[in-house]
Amino acid sequence: MNRPILIVASLALVTALVAWLVFRSNPSTLVKVEGGAKQPKETVEVILGLKTCEVCGYDALKEAGMACMNCGYAINQQTMAQEMLADEHSLVIQYQLDYFLPDTLGSPIHFMKPRVSKKGYPKSATWKPLVFESEVFEYHKVITELEQARTPGKPQ
Ligand SMILES: [Zn+2]
């Protein structure tokens, strides 16, 4: 038998075996996530072992004060200064109003859903939003009115 062929064949066998072992070792980390009304469900790998983000409630923070890997917001001295807010609590509320803003005015807001984000981060079971649905709706109304007022040519 030809020697190089034998080497290639055994390498392929080892690769397949390693791939199978890796796949076998964490079969439970794959979940279906809701892709929205029009999108099909997707399979994502759940990323575990991170800290809870106060803004979005997903476990997607490497360190406190860093930008969340799910929503992108960071709660720290710099962002507090940027938003001109004196305390973390007010900053979390401001960011939650932006994060949970629905696409359509008045559509229900699911604070605890989906259980796993599209990026694969799990929702913390102990996290609670600081804003109410009614406050998000109120905020949405105000910014929609502001945008309309700013658009030239539109009646005010
Ligand atoms: Zn977040």
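Residue numbers (my numbering): 28 to 183. All residues carry an ideal CB built from backbone N, CA and C; glycine is no exception. If you're wondering where the values come from, they're calculated on a predicted model, not measured in any experiment.
Rounded to the nearest angstrom, how far is the Cβ of residue i from that of residue j, given a contact under 8 Å?
i: E81; j: V119; result: 5 Å
i: M93; j: A101; result: 6 Å
i: L75; j: P149; result: 7 Å
i: W154; j: G99; result: The pair is not a contact, with the Cβ atoms about 17 Å apart (cut-off 8 Å).
Kindly indicate which residue of the options has the alpha-carbon position closest to the one of residue i.
i: K68; options: G92, I74, I102 and G147; result: G147
i: E72; options: K145, W154, I32 and P31; result: K145
i: P129; options: D114, I170, M96 and N103; result: I170
i: G133; options: Q175, L38, T42 and E162; result: E162
i: P141; options: V35, T178 and N97; result: N97
Look up residue i in the DSSP assignment and give the residues it is bridged to.
i: L88; result: K78
i: V143; result: P149
Legend entry - Segment contact flag, the segment 157-172 with the segment 124-134, C-beta cutoff 8 Å, min 3 pairs: yes
Inset, instruction - Would you check if the segment 95-113 and the segment 149-165 touch, i.e. whether three or more CB-CB distances between them fall below 8 Å? - result: no
Legend entry - Beta carbon shell of ligand 1 at less than 5 Å from a heavy atom: C80, V82, C83, C95, N97 and C98
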